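Down below is the structure, laid out as structure tokens.
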Amino acid sequence: MKVVHLYIGGDPVSPRRINPLPPADFVIAADSGAEIARSAGVKVDVLVGDLDSISSRTLEFLTRSPTVIEAHPSRKDATDLELAWRVALGQNPEEIVIIGGGGGRLDHWLGNLGVITAPAAGDILITWVLEQETAYVVRGLRSVPTRPGTTFSLLPVGGDAHGVTVLEAEWPLSDHTLPAHSSLGISNLASGEELNVEVKEGTLLVVQNH
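Rendered as structure tokens:
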């Protein structure tokens, strides 16, 4: 399975959250996401963005390394994350893990969420890792590792989610419809070591708190 890691700027993500992730075959950093990668000792294959938020020290470090730098003008029609996302999709991976992106501007956060949950990703497994949360994009059936008592939420993205089933929970669902503009799926509790989440139609975001 080919795995791409995509580091994006925002609140720091500690090595304790990065080290257990599946090993990456290819690493992309979107602008200041390179700071998180560098602090974790991760080699970056491609740096993408307008380079307005990466530190001069890290940029110099990457310039002297084998990292490919794709610099874009600041006046552009896509965020650094979307530019990096296109590079990630171009690698034809089976899994993409996004690392970082917490805090900062709400508009950027919502825009980034729209990018990573768009249908263009197809069957690629998509996971978003923050310091205190992990989000999993679910289309069809996906197993999500967890622990008993862990808080998780089910959020429909881009419309209603139909045929939602998750049984390993304090409040299980079976072939249920989760409306897009409802808080019905917020704050459930896992009852086992794994959540087997199914959605027959639509896209679901499973968010776990750590």
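Numbering (the numbering used here), first residue to last: 1422 to 1631.
Positions of the beta carbon are idealized from the N, C-alpha and C atoms, including for glycine.
As the structure is a prediction and not an experimental result, all values here were calculated from the model.
Report the residue ranges of all beta strand (DSSP E) runs contained in full by the stretch 1461-1510; include only those spanning at least 3 residues, in chain order.
The stretch 1461-1510 contains these whole beta strand (DSSP E) runs: 1467-1470, 1489-1492.
For the stretch 1524-1569, list the alpha helix (DSSP H) runs that are entirely contained and at least 4 residues long, ordered along the chain.
DSSP runs (the alpha helix (DSSP H)) wholly in the stretch 1524-1569: 1527-1537.
Kindly give me the distance between the Cβ atoms of VAL1467 and VAL1508, rounded to whole angstroms, as I take these residues to be in contact under 8 Å.
Right, the Cβ-Cβ distance comes to about 6 Å (below 8 Å), so this counts as a contact.
Under three-state DSSP, which class holds PRO1577?
PRO1577: strand per DSSP, three-state reduction.
Between which two residues does the beta strand (DSSP E) holding ILE1520 run?
It spans 1516-1521 - the beta strand (DSSP E) in which ILE1520 sits, taken as one unbroken run.
Looking at C-beta atoms only, is the number of pairs between the stretch 1565-1582 and the stretch 1613-1627 that lie closer than 8 Å three or more?
The answer is yes - the stretch 1613-1627 touches the stretch 1565-1582, with three or more Cβ pairs under 8 Å.
What does the alpha-carbon distance come out to for the pair VAL1559 and VAL1585?
Approximately 10 Å between the Cα atoms of the pair.
For my contact list, VAL1627 and ALA1556 are in at a C-beta cut-off of 8 Å; report their separation, rounded to the angstrom.
Going by Cβ atoms, the distance from VAL1627 to ALA1556 rounds to 7 Å, so yes, they are a contact pair.
Run through DSSP, which three-state label would ALA1582 get?
Correct three-state label for ALA1582: strand.
Below 8 Å, can you find three or more Cβ-Cβ pairs linking the stretch 1499-1513 to the stretch 1528-1536?
Touching, per the Cβ criterion.
For ARG1478, count neighbouring C-beta atoms within 10 Å of its own C-beta (all shown protein chains included) and say buried if the count is 16 or more, exposed if not.
Per the 10 Å Cβ criterion, exposed.
Can you tell me whether GLY1511 is buried or exposed? The criterion is at least 16 other CB atoms within 10 Å of its CB, across all chains shown.
Answer is exposed; the Cβ neighbour count stays below 16.
With ILE1449 as the anchor, note down where its beta strand (DSSP E) starts and where it stops.
Per DSSP, ILE1449 belongs to the beta strand (DSSP E) from 1447-1451.
Could you compute how far the alpha carbon of LEU1480 sits from the alpha carbon of LYS1464?
Distance between the alpha carbons of LEU1480 and LYS1464 is about 13 Å.
Compute the Euclidean distance between the alpha carbons of GLU1456 and PRO1444, then round it to the nearest angstrom.
Their Cα atoms are separated by approximately 19 Å.
Leaving out the 5 sequence neighbours to the left and right, which residues in its chain are closer than 8 Å to HIS1597 when beta-carbon positions are compared?
If we look at HIS1597 and ignore the five residues flanking it on each side, its Cβ neighbours are GLY1584, VAL1585, THR1586.
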